[in-house]
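Line order of the protein sequences matches chains U and S. When we follow full-length UniProt numbering, the leftmost residue of the first sequence carries the number 1, and every step to the right adds one. When we follow full-length UniProt numbering, the leftmost residue of the second sequence carries the number 1, and every step to the right adds one. The beta-carbon is built from N, C-alpha and C at its ideal position, and this holds for glycine as well. Encoded as structure tokens, the structure appears first; notes follow it.
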Amino acid sequence: MMAPALFLLALITLIPFFSIIWMSFNDVSLMGGLTFEFSGLDNWQRLFTDPDIRSSWLISLVYFLATVGLEMIIGTAMALLVFSLVRGGNIVISLLLIPMFIAPVIVGLLGRFMLDPSHGLYAWMLSESGLFDGNILGSVGSALIAVILMDVWEWAPLVALIVLAGLASVPGDILEAAEMDGAKYVQKLLYIILPSISNILLVALLIRAMDAIRFFAIIFITTNGGPADSTKIIPIRLYDIAFRFFDLGYAAAVGITMLVFSILVANAFMKMLKRQEKTA
Amino acid sequence: MTAPKRWLPFTVKTVLLVLLLLWTLVPIVWMVLSSFKPNSVITANTPRIFFTPTLEHYASLFSGGNSLWPYLMNSLSIAGVSTLIAVVLGCMAGFGLSRIRLKGKKHLAFWIISTRMAPIAAVIVPMYLLFRYLYLLDTYAGLIVAYLSFNLPFAIWLMTAFFDDLPPDLEEAAMIDGATKFQAFRYVVLPLMTPGLVTTAILCFIFAWNDYAFAQTFSGPSTQTIPIAAAQLLTQTGIDWGKLLAIGTVVVCPMAIAGLLVKRWMVQGLTLGAVK
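Structure follows, in structure tokens:
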């Protein structure tokens, strides 16, 4: 029963996998028909000396830490608040979840619409309140913050959904006992609630970590890496190398470094699953 | 479960909750609202809440030279077929994987999960070359294959998790009563799997429907999907915001409704079965 699926999966994943490895050792040209020219370690050597790649990894790191970090904090806050509702929790969480079903292109579209310097609602509110006046997506600094917040807007709800599922397992009697002993909310949060959902928080973190490097459509559609490369995270850089400069061999080498990252996350995910099975 | 409900002072809780709801909903509400505004109101310097609603943007979507119909049809067919293939094959493989005792099962599972997690930008590069070589650019088949590269491992993984929750005693009992293996699967196991199948199908469909990167790279004039239509309007000089917001509303609403319908199983789906 497994054969057809596994055969098809092997076909559509292993062939590209071996192709990308082979491509990374070649100078691949699309001009005048597809040609491969073996170039040894040239692409790899370039990869480790290219200042553009280094700066893109740096921006990716900032983007990655900021999006995943904020999503964890805001998502957990959403879950705690919804869980504490006596009634109406179901409706509130449904409303909070909507962004994660929205296509990243539309999230980018919304971001550009809300931040449009001449008629965007958020841009208007920011300039009226004197907080920021100018082209948000067109200025270094504010553009990166904006694309980070768009990602947070879309994906914090996923963290909320996961954490909410975990909160159901927080031992009610221990909370009750702590309350009788006069524990403050922060104390209960730090010593009872968060420790008992630490596994769930890890799941949320890993799921977000793997998707943070998978998708890049929001930036693609809003700033496409600009202004002055300030939002050029590594997938955007890769896409540029491949489909603007048509340097597919080099793009393959960059792609492999990204793959390594995602395999590390996948590995952590498997380890976590195993740990969960043991405790369950 | 009564005492722990009162965790936070009522006012703090209410204020935070209202803020989070505003943060989440304002852009969506503003998009839907603005899609009914005439262009002069949308681009007015100060935002306006009151206006005379118009359906002109929705009307313009489905008429004239650049109608949305072909894009919509492309999206529906490509996402639909890739979902169907992923769910059918994923269901079979998931049942098998869940029931089999295999030495290298751990490695098999790792392979499946890492194909699902592979960064899209890295997958696109070799796939573009292969598709060019095989004349699959600008074809339905090409995009369906591209979407299967993440939907198939997702479906296999998720269906395995759903089958793991179902004790094998049921189908074993049926087989003791004389059912063949296929009959036990078809008449005992499958009906119990409806939530799992529906959740997997809806999520696969959403992933494919929402994709931009693959479609941007592999599609051509005859296979462009709705996200591409939106992106094209967005890169024009002099953006037609009314039309764009109408497209946004058309793309978002069905997926939000479908997603919320399976909310109960969504956690299990989106955490790849790690959370029940």
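Item, Value
"C-alpha distance - S/A201 paired with U/G89, whole-angstrom precision", "26 Å"
"Bounding residues of the beta strand (DSSP E) (the contiguous stretch that carries U/D151)", "Run containing U/D151: none in the beta strand (DSSP E); it sits in the alpha helix (DSSP H), S142 to L167."
"Exposure of U/I37, with buried meaning 16 or more beta-carbon neighbours within 10 Å", "Position check: residue 37 of chain U holds Glu in this sequence, whereas Ile was assumed. By the 10 Å Cβ count, U/E37 comes out exposed."
"With 16 other Cβ atoms within 10 Å as the buried cut-off, status of S/Q268", "buried"
"DSSP bridge partner residues for U/D27 (one or two, in chain order)", "U/E37"
"U/T67 vs U/A143 beta-carbon contact at 8 Å", "no"
"Rounded straight-line distance, which links the Cα of U/I213 to that of U/G225", "15 Å"
"Members of the region 200-212 of chain U near chain S, C-beta cut-off 7 Å", "I200, V203, I207 and M210"
"Distance between U/Y239 and U/L41 (C-alpha atoms, nearest Å)", "21 Å"
"Where S/I112 falls: helix, strand or coil (DSSP)", "helix"
"U/D229 (DSSP reduced to helix, strand or coil)", "coil"
"Closer than 8 Å to chain U by CB, S/M175", "no"
"Every unbroken alpha helix (DSSP H) inside the region 29-95 of chain S [4 residues or more]", "39-42 and 56-61"
"Proximal residues to S/A161 (C-beta, below 6 Å), its chain only, five neighbours per side dropped", "G273"
"Chain-ordered chain S contacts of U/P104 [CB-CB under 7 Å]", "N210 and Y212"
"Below-8 Å beta-carbon distance, U/S198 vs any chain S residue", "no"
"Interface flag, U/W124 vs chain S, CB-CB below 8 Å", "yes"
"U/M180, buried or exposed, once every other Cβ within 10 Å from all chains shown has been counted against 16", "exposed"
"Segment limits, alpha helix (DSSP H) that includes S/P195", "T194 to N210"
"contact_flag[the region 180-187 of chain S, the region 48-58 of chain S] where n(CB pairs < 8 Å) is 3 or more", "no"
"Residues that S/I206 contacts on chain U, provided the C-beta gap is smaller than 8 Å", "F101"
"Below-8 Å beta-carbon distance, U/V265 vs any chain S residue", "yes"
"Local conformation of U/G249 per DSSP, three classes", "helix"
"Below-8 Å beta-carbon distance, S/K263 vs any chain U residue", "yes"
"Contact with chain S by U/G69, beta-carbon distance below 8 Å", "no"
"Given 8 Å, three or more beta-carbon pairs between the region 172-179 of chain S and the region 129-136 of chain S", "no"
"S/P119 - DSSP class collapsed to helix/strand/coil", "coil"
"Residue-level contact to chain S via CB, U/A146, 8 Å cutoff", "no"
"Sequence-distant residues of the same chain with beta carbon closer than 7 Å to S/S98, five excluded per side", "T160, F163 and D164"
"Backbone secondary structure at S/F10 - three-state DSSP", "helix"
"Proximal chain B residues relative to U/T35, where beta-carbon distance stays under 9 Å", "Judged by its chain identifiers, the structure shown contains no chain B, and its protein chains are U and S."
"Rounded C-alpha distance that separates S/K105 from S/A93", "13 Å"
"Integer Cβ distance of S/I206 from S/A258, believed to fall under 8 Å", "7 Å"
"C-beta neighbour in chain U for S/K13, strict 8 Å", "yes"
"Cut-off 6 Å between Cβ atoms - residues of its own chain near U/I93, not counting five sequence neighbours on either side", "V82"
"Any C-beta of chain U under 8 Å from that of S/D165", "no"
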